Structure formats: structure tokens, C-alpha cells
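Below you'll find the structure, written out as C-alpha cells, and then a few comments.
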Amino acid sequence: AYAILGHLILLKIRPYKESSFRYLIFNEKSQAVVRVDSIGQSCAALPEDHGIIFPAGYYLGTGELKSFGSPAGDHTLERVVPSPNGEDFLYVFYSVSTGEYVLLPYRLIEQKV
């Protein structure tokens, strides 16, 4: 399975005779591939094709990968809350099994979480 988000291609593959899937991000600009299994839980596109965000971190189109460590449980994207000025976005991930929320604020100008 795959998804194309701007110049990023997200891949879900299962190698031959293996039981678990691998999740890869291919960046067309830098021609680099990064394995990020955290996007298997849930991920969302950042505004203006900046990259993707997932419960354990984010990956920008510049090739910057930031990981915060995997949260317990299987988190899904509950909602995205934009600020009134349009520069900030709050990504809310929720785990049904543990009842935990992961709140990740994204600053559009600085491109940081």
C-alpha cells in the first residue's frame, strides 16, 4: 500500500515470509528512504505540504525526522485544531485502549512541533 503526499511517498510493505509490516517514507527531493514504523498507527499531512505528523514525532519535506518516543497504546488522529491566526495547528491523537491523549502543536512559520 502507498500514499502520495506532495513529494513524499508513504509505503506499507511486508517482506517475504515476515509477519510484521514495515512503514517507509520516500522523499523524492532528497531521494532518501527512512523507516518509520510509528506511521502505521496514524499520521496526518502537515499544512502546505510541509510533511507528516504522527503520535511519536514528525517528518518534514526537508528530510528532518524528529521522534519523541513511542507513546503507549495505538493512537489515532482525533482532530486538528487551527489557531485563529492560521499560523499554529494542534494535532490531537487519542488512544482508546489507554485513554491517553497526545497533543502536538505545530508552528507553521518555524516548522517545529
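4 is the number of the first residue of the sequence shown in the numbering used here; add one for each residue after it.
For glycine and all other residues, C-beta sits at the position ideal for the given N, C-alpha and C.
Since the structure is predicted, the reported quantities are computational estimates derived from the model, not experimental observations.
The beta carbon of E31 is closer than 6 Å to those of H10 in its chain, skipping five residues each way along the sequence. Between V36 and L49 the beta-carbon gap is near 19 Å, outside 8 Å, which marks them as no contact. The way I'd put it, the region 96–112 does touch the region 76–84; three or more beta-carbon pairs between them come closer than 8 Å. Taking all protein chains in view, the Cβ of G60 is crowded by 16 or more other Cβ atoms within 10 Å, so the residue is classified as buried. About 12 Å separates the CB atoms of G54 and S33; that is not less than 8 Å, and the two are not in contact. Note that the C-beta distance between R25 and I16 is below 8 Å. Taken through DSSP and simplified to helix, strand or coil, I112 comes out as coil.
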